[in-house]
Amino acid sequence: MPAAPAVPRRYSYLGPAGTFTEAALKQVPEAAGQEWRPVDNLGEALNDVVTGASDAAMIAIENSIDGGVTVAQDALATVPGLRIVGEYLVPVNFVLVARPGTRLEDVRVVAGHPVAYGQCRAWLDAHTSRHRHLVATSNVAAAVDLFDEAKGLDAAIAPPGIEEHYDVEVLASGIAENPDAVTRFVLVSRTVPVGEPSGADKTSLIAELPEDRSGALLELLEQFATRGVNLTLLASRPIGDRMGRYRFVIDAEGHVKDERVADALLGVKRFSPRVVFLGSYPRADRVAATIRDAQDDDAFRDARDWLRGVIEGTADGAA
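Here the sequence shown is numbered in the numbering used here, starting from 42 and rising by one per residue.
What follows is the structure in structure tokens.
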């Protein structure tokens with residue numbers, strides 16, 4: 042009896058085709074040749090994962106210019122059953138496009154995703170000083186909206202190469218204020234067992250402070266500092282139930298199976314009334330953490346062995 046054909050995996054991403062999110066998904070080896078599902082927003086992408094409509098979703102989480110993508114951070118804090126399994130970096134640049142025949146001096150209404158518009162506003166102010174911004178759901182959707190007469194658009198901020206997908210003309214290239222801008226994307230699946238350390242990893246979590254008092258944030262950060270765990274991201278987000286209540290989005294160097302990181306997370310769990318573990322995964326830049334001898338795995342294991350010996354009476358207590 043022939044074996045049943047393998048069921049293709051499905052990946053959700055902010056569409057349509059040609060977005061930076063699609064470019065990030067192209068970096069995932071196991072996604073090649075599988076089913077890709079374009080969606081209209083981040084909430085839909087994550088809902089696909091939660092409901093099982095997709096196996097994983099690629100979402101933007103941080104930008105080198107604008108910082109954290111707050112809607113993504115808030116979703117990861119409140120939607121249960123999600124796990125980050127990988128991160129990917131995509132260089133970000135933009136072009137200004139319009140329908141064929143449009144001149145730059147005629148541009149009055151510009152469509153653009155809010156993040157893209159923020160990065161291109163200085164150029165637009167200098168070259169189309171009387172323009173008005175109309176929000177688009179994605180960088181590619183901005184170009185698609187040009188052909189919706191009801192929206193009255195003159196131009197759109199879009200990714201380079203958009204003219205290969207749609208009948209638009211490029212009015213200007215390299216319009217982003219910072220040519221070195223990078224967006225960080227994460228691949229999110231349902232909760233799965235944590236993989237093995239790669240040697241260059243990152244651990245993400247969200248933690249709430251136990252109360253609004255002097256020194257509370259310092260105590261949270263000390264859980265990492267005293268164990269030699271460097272943080273690559275620390276962002277505060279309001280919990281929303283009342284003033285003065287915040288959760289903190291944290292990215293730490295290392296893997297939860299590293300002794301120093303595991304010990305730090307235990308400290309955070311004892312301290313914080315609510316901790317959301319988001320995942321340990323290989324860093325996109327493959328930069329390994331710098332670890333002092335006193336905080337490597339052997340040092341933590343040696344300390345535990347010493348304490349066990351003290352308790353069992355097999356060590357004299359001198360270390």
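All residues carry an ideal CB built from backbone N, CA and C; glycine is no exception.
### Task
Mind reading off the beta-carbon distance from I291 to I247? Whole number of angstroms is fine, and I expect it under 8 Å.
7 Å
### Assumed close pair A97, Y52 - CB separation to whole angstroms, cut-off 8 Å
5 Å
### Query
So is S321 buried or exposed if we call it buried at 16+ other beta carbons inside 10 Å?
Under this definition S321 is a buried residue.
### Task
Check whether the Cβ atoms of V156 and D107 sit closer than 7 Å, and answer yes or no.
Cβ atoms of V156 and D107: closer than 7 Å.
### Message
For the alpha helix (DSSP H) containing D339, name the first residue and the last one.
### Response
D338 to E353
### Task
In angstroms with no decimal places, state the Cα-to-Cα distance between A86 and E252.
Rounded to the nearest angstrom, the two C-alpha atoms are 33 Å apart.
### Task
With a cut-off of 8 Å on the beta carbons, I'd call N104 and T224 a contact; round off their distance for me.
5 Å
### Task
Would you decide whether G269 is buried or exposed? Buried here means 16 or more other CB atoms lie within 10 Å of its CB.
buried
#### Entry: CB-CB length for L212 against A196, believed under 8 Å
Right, their Cβ atoms sit about 6 Å apart.
### Message
According to DSSP, is I203 part of a helix, a strand, or is it coil?
### Response
In the structure shown, the three-state DSSP call for I203 is helix.
### Task
Classify S362 as buried or exposed, calling it buried when 16 or more other Cβ atoms lie within 10 Å of its own Cβ.
Look at the range of the chain in this structure, 42 to 360, and you will see that residue 362 is not part of it.
### Message
Assuming V110 and A118 are in contact, meaning their beta carbons sit under 8 Å apart, how far apart are those beta carbons, in whole angstroms?
### Response
So it is not a contact: roughly 13 Å between Cβ atoms.
### Beta-bridge partners of P220, as assigned by DSSP
Answer is none; P220 lacks a bridge partner.
### Message
I'd like the span of the beta strand (DSSP E) that includes E300, first residue to last.
### Response
No beta strand (DSSP E) contains E300, which is instead part of the alpha helix (DSSP H) from E300 to F312.
### For H154 and D242, believed in contact at Cβ under 8 Å, the rounded distance
Between H154 and D242 the Cβ distance is about 30 Å, and since that is not below 8 Å, they are no contact.
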